[in-house]
Amino acid sequence: MRKIAVISGFIAASIAVVFVTLRTPDSDAMAMRVKYGGPASGFAGTSDGMSVHYRDQGCRDCPAILLVHGSNASLQTFEPLVRALKHRYRLISYDQPGHGLTGPHPRDDYSAQGMFEAIAAVLEATGVQRFAIAGNSMGGWVAWRYVLARPQNVSALILIDSSGAPSPPNAQKPRLYLGARIVRSSVGRFLGQLITPRFVIKQSLLDSVAEEAVVTEEMVDRYWELLRYPGNRRAAGLLATADREPSYGQRLNEVTLPTLILWGEEDRVIPPDNAKTFHEMIPNSDLQIFDGVGHLAMEEAPERTAIAIDEFLSEIQAEALSAQ
């Protein structure tokens, strides 16, 4: 019995040492606001106290595009695209609830409706009433769900490696990035709130892109530090289990707005089969697949992405003028 007690004590002590060694604290909220906020940033409040971090950049009198990032990302993921388009468009980006400097949703509501609350706050703060909406990954899901709910506000839809399409028969099996694999289990979600090694974030990014050189140390730090913004790691676990209401995918044929679908040919997170499903289901859609690009086209190929968006929106504007 004494031997068993000694072994048990040794194991418990070892676990405690490992936990203390690996535990990663939250990042400092004020330091993060200084580092990832700045003069371009604003904060839009909601009725229940959420403070949504956003940026309103580019040509103030030009057509507006609302940019919606994906899971575990932030508005920073669109900065290369903003730089490429800012002379011709008004670019409004924001940190979704549970992400970036916005932090967690006050009611832990990570449904489509909960995400729409952040959009409403940003639109009220900026005064924008009509806009194109562009979303990547989970942000694409928010974007097309928003179009189904409020099409009167939107001029065009842009999906960049979006989630939410019904799975086609014999679809290519997705290869989840490391972080997504971890949060699939309840144990992983619990530990993820306390232990978030930087190498996990780096490997997750490497799993998401086609060209590893895109993943810089600065990029890894940004994703890692903002994921550890107070409340965001818990939110990541809740987001992983939130009901994405897959039945809405059967309503994609109700999206009648002009739609541009952009996809990385080497996207392993949401394979290109999904792009073809979106294209087949959305009546007024165009599809472009970029070779040599993975899941983050706006960071991996910002110039190609910007050209495709500019050509698409310019054509819509030209058609609108000719119809007058």
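Last residue of the sequence shown: 347 (this note's numbering), numbering continuous.
Glycine included, every Cβ here is placed at the ideal spot set by N, Cα and C.
Problem - Closest residue to Val91 among Gly81, Arg83, Phe139 (Cα-Cα distance) - result: Taking the Cα of Val91 as reference, the smallest distance to any Cα among Gly81, Arg83, Phe139 is reached at Phe139.
Handout entry: Pro295 versus Ser345 - alpha carbon distance
Key = Here the alpha carbons of Ser345 and Pro295 stand approximately 34 Å from one another.
Practice task
State buried or exposed for Pro62, treating a residue as buried only when at least 16 other CB atoms are found within 10 Å of its CB.
Solution key: So Pro62 counts as exposed.
Exercise for the section: Tell me where the beta strand (DSSP E) around Asp309 begins and ends. Expected result: Run containing Asp309: 308 to 313, per the beta strand (DSSP E) assignment.
Practice task
Sort Val278, Pro103, Phe222, Glu322 by Cα distance to Phe313 and report the nearest one.
Solution key: The candidate whose alpha carbon is nearest that of Phe313 is Glu322.
Practice task
Evaluate the contact criterion for the stretch 101 to 111 versus the stretch 65 to 82: three or more CB pairs, one atom per stretch, below 8 Å.
Solution key: These segments touch.
Problem - DSSP three-state assignment for Ser97, whether helix, strand or coil - result: Reduced to three states, the DSSP call for Ser97 is coil.
Practice task
For Leu307, count neighbouring C-beta atoms within 10 Å of its own C-beta (all shown protein chains included) and say buried if the count is 16 or more, exposed if not.
Solution key: Sequence check: residue 307 is Asn here, not Leu. By the neighbour-count criterion, in which 16 or more other beta carbons inside 10 Å mark a residue as buried, Asn307 falls on the exposed side.
Handout entry: Through-space distance from Ser64 to Ala87, alpha-carbon basis
Key = If I take the Cα positions, the gap works out to 17 Å.
Handout entry: Separation of Val145 from Leu336, as counted between CA atoms
Key = Looking at the two C-alpha atoms, the distance is approximately 22 Å.
Exercise for the section: Taking 7 Å as the cut-off, decide whether the C-beta atoms of Thr47 and Thr219 are in contact. Expected result: Closer than 7 Å, so yes.
Exercise for the section: Using a threshold of 7 Å, state whether the C-beta atoms of Ile339 and Leu182 are closer than that. Expected result: Against a cut-off of 7 Å, the Cβ pair of Leu182 and Ile339 comes out as no contact.
Exercise for the section: Kindly indicate which residue of Asp84, Met73, Gly93 has the alpha-carbon position closest to the one of Leu319. Expected result: Of Asp84, Met73, Gly93, the residue nearest in Cα terms is Gly93.
Practice task
Could you please give me the residues that DSSP links to Ala155 through a beta bridge?
Solution key: Ala155 pairs with Ile88, Ala179.
Handout entry: Cut-off 6 Å between Cβ atoms - residues of its own chain near Gly315, not counting five sequence neighbours on either side
Key = The answer, listed in chain order, is Ala233.
Handout entry: Between the CA atoms of Asn297 and Gln273 - distance to the nearest angstrom
Key = So the two alpha carbons sit approximately 13 Å from each other.
Exercise for the section: Have a look at Ala259 and Gly72 and give me their C-alpha separation to the nearest angstrom. Expected result: Between Ala259 and Gly72, the C-alpha separation is close to 20 Å.
Handout entry: Residue nearest to Gly68 in terms of C-alpha spacing, selected from Lys58, Gly126, Glu289, Met53
Key = Distance from the Cα of Gly68 is smallest, within the candidate group Lys58, Gly126, Glu289, Met53, for Gly126.
Problem - Option nearest Asp266 by Cα separation, candidates Pro281, Ser116, Ser134, Leu280 - result: Looking at Pro281, Ser116, Ser134, Leu280, the one whose alpha-carbon comes closest to that of Asp266 is Ser134.
Handout entry: Contact under 7 Å by Cβ, His122 with Ser97
Key = Contact flag set, yes.
Exercise for the section: Give a yes or no on whether the C-beta atoms belonging to Leu250 and Asn95 are separated by under 7 Å. Expected result: Their beta carbons are under 7 Å apart, which means Leu250 touches Asn95 by this criterion.
Practice task
Excluding the 5 residues preceding and the 5 following Gln152 in the sequence, name in chain order all residues of the same chain whose CB lies nearer than 6 Å to its CB.
Solution key: Closer than 6 Å at Cβ, skipping near neighbours: no residue.
Handout entry: Element boundaries [alpha helix (DSSP H), containing Arg168]
Key = Arg168 -> alpha helix (DSSP H) spans 161 to 172.
Practice task
Could you name the residues of the same chain whose beta carbon sits closer than 8 Å to that of Val170, not counting the 5 residues immediately before and after it, in chain order?
Solution key: Cβ neighbours of Val170 beyond the five flanking positions: Ile156, Val177, Leu180, Val278, Leu280.
Exercise for the section: With a floor of 4 residues, list each alpha helix (DSSP H) that falls wholly inside the stretch 219 to 247, ordered by position along the chain. Expected result: If we require 4 residues or more, the alpha helix (DSSP H) runs fully inside the stretch 219 to 247 come out as 221 to 231.
Exercise for the section: Provide the residue span of the alpha helix (DSSP H) that contains Asp51, from first to last. Expected result: Counting along the chain, Asp51 sits inside no alpha helix (DSSP H), nor does DSSP assign it H or E at all.
Problem - Pairwise C-alpha distance: Glu342 and Trp247 - result: Approximately 44 Å between the Cα atoms of the pair.
Handout entry: beta-carbon Leu217 near the ligand ATP non-hydrogen atom, thresh 6 Å
Key = Within the structure as shown, the ligand ATP is missing, as the structure has no ligands at all.
Handout entry: Nearest residue (CA-CA) to Tyr117, options Lys225, Cys82, Gly158
Key = Distance from the Cα of Tyr117 is smallest, within the candidate group Lys225, Cys82, Gly158, for Gly158.
Problem - Sequence-distant residues of its chain with Cβ nearer than 7 Å to Val237 (five each side left out) - result: Answer for Val237: Glu322, Glu323, listed in chain order.
Handout entry: Alpha-carbon spacing of Pro253 relative to Gly150, whole angstroms
Key = The straight-line gap from Cα to Cα measures roughly 29 Å.
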